[in-house]
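> Numbering (mature numbering (1 follows the signal peptide of the UniProt record, and there is no 0)), first residue to last: -25 to -1, 1 to 283. Backbone N, C-alpha and C define an ideal beta-carbon position, used for all residues, glycine too. This is the structure I want to talk about, given as structure tokens.
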């Protein structure tokens, strides 16, 4: 491959960092679909386990689901359709992206869902993903006639629309302001700082801007670590949607930008706690079965495209 100029490389990496799904190719041939597409079905109904579809096996949160690679559009299952007709959540998951939050959320809430998996092609997402929503970003879900993007919006919607507000602290809770802050801090402050740092590092940029960006990332980690020093979770004593939002940038996103968490013992303790939750383990097994989880202090090896 011919290396891009530093300017073009910086632009490309910054676009990747904000996780839009860019259209890098023309329409994908049907013959190529199995190379980037899989479908996992997960729902709560197991009463008709013997009525297996030749296309898809019924599952539910907490049980393994069958991978589908030969029929991208066939996601229905006669054995479970009646149980999920009133609510069918379809999660479009781009591999190694922040859309991992949504299967985890559904597993925590016990919500039935369908999961379509899209591989990066080779680094960004295929055009089929971009076409799902005008934002062209991961995650994207479909709930009946509704198509929605944006992690925070999706998490808020699912918790309140389908789970009675579970995993959200209410206004009467003393920790409510802190919960709100950390829930929005992740994608409003910390992830954009990581994105800028990632772009600058990958393009070899140095100078005051790079120094300021690295300091902002370190300051964010220090603030998060301080919050977790006296609190088991970001929302206080209870696990909440704020924790689901915050795990990705200090775990999977480290495949794009190297973060050493050694100085942040409280973040590491918190990561150990949340990663041991059965819902997290089930979700990651379904949406990232081949990815090594980044839960320790040492950063993983960066994706080849992110190395200088």
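Can you name the start and end residues of the beta strand (DSSP E) that residue 117 belongs to?
Run containing residue 117: 115 to 118, per the beta strand (DSSP E) assignment.
> Between the beta-carbon of residue 263 and the beta-carbon of residue 103, is there less than 8 Å?
no
> Give me, in chain order, the residues of the same chain whose beta-carbon lies closer than 7 Å to that of residue 232; leave out the 5 immediate sequence neighbours on both sides.
169, 172, 173, 176
> With three or more beta-carbon pairs closer than 8 Å as the criterion, would you say the segment 175 to 190 touches the segment 147 to 162?
Flag = no, the segment 175 to 190 and the segment 147 to 162 do not touch.
> What's the C-alpha gap between residue 135 and residue 142?
C-alpha separation (whole angstroms): 9 Å.
> Is residue 174 near the ligand ZN, judged by its Cβ being under 7 Å from some heavy atom?
You won't find the ligand ZN in this model; it holds no ligand whatsoever.
> What are the residues that DSSP puts in a beta bridge with residue 100?
Paired residue(s): none; residue 100 is not in a bridge.
> Quick one: grab the DSSP three-state call for residue 272.
coil
> Classify residue 73: buried if its beta carbon has 16 or more other beta carbons within 10 angstroms, exposed otherwise.
By the 10 Å Cβ count, residue 73 comes out buried.
> Compute the Euclidean distance between the alpha carbons of residue 93 and residue 123, then round it to the nearest angstrom.
If you take the alpha carbons of residue 93 and residue 123, they lie about 17 Å apart.
> Looking only at its own chain, which residues have a Cβ that is under 7 Å from the Cβ of residue 82, when we skip the five neighbours before and after it?
36, 254, 257, 258
> From the DSSP output, read off the bridge partner residues of residue 123.
Paired residues: 116.
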